[in-house]
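In the working numbering, the protein residues as written are 8 to 257.
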Amino acid sequence: MFRRLANLIRGFFGLFISGAERRNPEALLEGEKENLRRQIANYNEGLAAHAGLCERLMTQIRKLETEERELRAKTAAHIRANNREVAGNYALRLQTVQRELSENRTQLGQAETTYKELIKARDVSVRAAQAKIESLKTSMDDLKIKKATAELTEMASGMITSIGGSGDTLDRLHRMVEEEREKAAGRARIARDSLNTTDFSIKEDEQKALAEQALADFAAKEGLTIEPAAGTTSTPPVETVKTMGPATTE
């Protein structure tokens, strides 16, 4: 019973996680990229340990090579001095050093080969993972574009199958806008037809007459002569002759 319940709970969690991954594939991709970085870091740690082993072997080989040269020289010197026992001891030690040196060289060769293979395997794996990530990014970008194109096409063509979809909303909005526009145009026509254009013409003529009268009064006061307006006649102002001294009578 408990096992079946646990399986059911795991199934529900699995469905929930799968749905979340489908809704947000970018987050899933970022998680995989971070996982790849962690794996590369762990791999490099192991690779560094193997490289350290190679360095220790090379150091040991250099030490044994130096000891080999010294033992070879000492053995030859004691043979020339006819010190057979001492020369024999050095010769025996020389054989041991040469054997260790051969084993270390063999181990170093194998370790270097393994190190190069590990480097190659890491680079190949990383390149393959990066290529797959780039391919997934391109696919997700293409998916976004295609989804947006499909939605725009459906909205434009009105072929939305679900009730209350984007196409239906746009159709209702278009009808409402057209109705309001027609109502506004009708109100503007009624207001325009209700205007009394005769009153506007009378008021305009009155304004022009008052302006002409004001202009004539100003010219008379200043003793100026103005040209009559087109289509009108005017009487020139009477000039008053002023003389010095007392007035004369006839």
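We put the beta carbon where it would ideally sit given N, CA and C, even for glycine. For clarity, every value in this text was computed on a predicted model and none was experimentally measured.
By the criterion of at least three beta-carbon pairs nearer than 8 angstroms, the region 129 to 142 is not in contact with the region 99 to 119. A direct Cα-to-Cα measurement between ASN49 and ALA56 gives close to 11 angstroms.
Counting C-beta atoms within 10 angstroms of its own C-beta, VAL184 has fewer than 16 neighbours from the protein chains shown and is therefore classed as exposed. ILE86 is positioned such that its CB atom lies no closer than 8 angstroms to that of ALA80. Put simply, the backbone Cα of TYR122 is about 18 angstroms away from that of ILE68. For GLY53 and GLU110, the gap between their C-alpha atoms comes out near 24 angstroms. The DSSP-derived three-state label of LEU231 is coil.
If you draw a straight line from the Cα of GLU211 to the Cα of GLU219, it is about 13 angstroms long.
For ASN51, the secondary structure class from DSSP, reduced to helix, strand or coil, is helix. LEU36 sits close to ILE140, with the two beta carbons spaced by under 8 angstroms. Counting the other CB atoms within 10 Å of its CB gives THR82 a total of 16 or more, which places it among the buried residues.
In the assembly as shown, LEU71 is a buried residue. Its beta-carbon has 16 or more other beta-carbons within 10 Å.
Scanning its chain for C-beta atoms nearer than 7 angstroms, with the 5 sequence neighbours on each side dropped, one finds no residue around THR145.
Cα atoms of ALA136 and LYS151: separation of roughly 23 angstroms, rounded to the nearest angstrom.
Residue environment: LEU78 is assigned as buried (16 or more neighbouring CB atoms within 10 Å of its CB, all protein chains considered).
Collapsing the DSSP output to three states places ALA80 in a helix.
For ALA118 against LEU43, the beta-carbon gap comes to about 27 angstroms, at or over 8 angstroms, which does not count as contact.
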